[in-house]
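See below for the structure under consideration.
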Amino acid sequence: MLGIVVLMLAAFSSGALNAVAGGGAFITFPALLFAGVAPVAANASSTVALFPGQAASSWAYRREIAAGGQVNVPVFAALSLVGGLIGALLLLLTPNAVFARFVPWLLLFATAVFAIGAYAPGIVSRLRLGGRSVLVVQFLISIYGGYFGGGIGFLMLAALTLFGLRDIHAMNGLRLLLAMLMNAAAVGTFIVAGAVSWPETLAMAVAAMAGGYAGAMGAKRVDPKLLKTLVVIIGTALTLYFFAKGA
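When the letters of the sequence shown are read in order and numbered with mature numbering (1 follows the signal peptide of the UniProt record, and there is no 0), they come out as residues -18 to -1, 1 to 229.
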């Protein structure tokens, strides 16, 4: 019982974190690993558990999403669904032992992406993405999102910035919507494949939905820099832990 409560707290925090700054998978995925869930099932269960929170956050941002007129939302949505499906299928084809060896490297990549997006946006400030280029980038991000997903929020924000968007609230709303869609494809795939550990996932999904809505509603009143710093610290600590564990 205590383990479920801890997982629910992790899911609530992840849902709120995704809504405000992104990086919720840094909490739920390791929490499921610590609870004894196998790596592939932990990744699948984390994706399924966080999905209701992303849906709640997207709904809270519906007006901001509608304001993002520069982006062809239906095309982005379709690419996110297809890419998420491909990434999910790739995950299911990866044996647990192989995926376990990938975990520290995936965490390292996601943490680096998150940190660069948070603290060194000038590194990519000279780049520009045209209409076709940003669609290709979004498709690749969606594949990664369906496979693992850590850091996809910052990858999408970076792509939207390079495309020319400047309204942070519209960008955040689009980030949440597209993440939800790519995970929708992954969620369906994981459920059909029987890859989800349901006792943990169901409890976490309820908590993530509450956290996602609360986080979205309070996002404008919370200092995102503080949360981004917390995500980077958590990601760095977990990356070091899983590298040490595999050594």
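For glycine and all other residues, C-beta sits at the position ideal for the given N, C-alpha and C.
Quick caveat, the model's predicted, so the values are computed rather than measured.
>> Does V(-14) pass the burial test, meaning 16 or more other C-beta atoms within 10 Å, or should it be called exposed?
In response: V(-14) counts as exposed, since fewer than 16 other C-beta atoms from the protein chains shown sit within 10 angstroms of its C-beta.
> Can you name, in chain order, every residue of its own chain whose Cβ lies under 6 angstroms from the Cβ of residue 243, other than the five neighbours on each side?
Replying inline: Given that the chain is displayed from residue -18 to residue 229, the structure contains no residue 243 and the question cannot be resolved.
>> Between the segment 182 to 198 and the segment 37 to 47, can you find at least three pairs of beta-carbon atoms closer than 8 angstroms?
In response: Contact holds: three or more Cβ-Cβ distances are below 8 angstroms.
>> Do G65 and A17 have their beta-carbon atoms positioned less than 7 angstroms apart in this structure?
In response: With respect to G65, A17 sits apart: the two C-beta atoms are not nearer than 7 angstroms.
> On the three-state DSSP scale, how would you describe F11?
Replying inline: Three-state DSSP puts F11 in a helix.
> Using a Cβ-Cβ cut-off of 7 angstroms (strictly less than) and excluding sequence neighbours within five positions of Y43, which residues of its own chain qualify?
Replying inline: Only residues of its own chain outside the window of five on either side were considered, and among them N154, G155, L158 and A198 have a CB closer than 7 angstroms to the CB of Y43, listed in chain order.
> Taking the C-alpha atoms as reference points, what is the distance between T29 and V213?
Replying inline: Rounded to whole angstroms, T29 to V213 spans 18 angstroms at the Cα level.
> Could you give the distance in angstroms between the alpha-carbon of Y129 and the alpha-carbon of I173?
Replying inline: The straight-line gap from Cα to Cα measures roughly 15 angstroms.
> Cβ of G6 within 7 angstroms of Cβ of L15?
Replying inline: No. Outside cutoff.
> Is it true that the CB of F96 sits closer than 7 angstroms to the CB of G133?
Replying inline: With contacts defined as CB atoms closer than 7 angstroms, G133 and F96 qualify as a contacting pair.
> Using the C-alpha atoms, what's the distance from A177 back to L74?
Replying inline: So the alpha carbons of these two residues sit roughly 8 angstroms apart.
> Apart from the five residues just before and just after P21, which ones in its own chain have a Cβ nearer than 7 angstroms to its Cβ?
Replying inline: If we look at P21 and ignore the five residues flanking it on each side, its Cβ neighbours are L15, N78, F81, A82 and V85.
>> Just to confirm before moving on: does the CB-CB distance between S124 and M164 stay below 7 angstroms?
In response: Contact: yes.
>> Using the three-state DSSP reduction, which class does T76 fall into: helix, strand or coil?
In response: Here T76 sits in coil by DSSP.
> Relative to the C-alpha of F136, which residue among F225, T93 and L63 is closest?
Replying inline: When only C-alpha atoms are compared, the closest one is T93.
> Hey, out of Y101, L142 and F91, whose CA is closest to L208's CA?
Replying inline: The residue with the shortest Cα to Cα distance from L208 is Y101.
> Considering only residues of the same chain and omitting the five flanking positions on each side of Q52, which have a CB-CB separation below 8 angstroms?
Replying inline: The residues are F145, G146 and L147.
> Could you give the C-beta distance for residue 235 and A(-8), rounded to a whole number, given that I count them as a contact under 8 angstroms?
Replying inline: Absent from the model: residue 235. The displayed extent of the chain is -18 to 229, so no value can be given.
> Grouping DSSP H, G and I as helix and E and B as strand, with all else coil, what is S(-6)?
Replying inline: Helix at S(-6).
> Using DSSP with H/G/I as helix, E/B as strand and the rest coil, what is A102?
Replying inline: Assignment of A102 by DSSP, reduced to helix, strand and coil, places it in the coil class.
> Unbroken beta strand (DSSP E) runs of length 3 or more, entirely within the segment 151 to 227: which are they?
Replying inline: If only complete runs of 3 or more residues are kept, the segment 151 to 227 shows no beta strand (DSSP E) anywhere.
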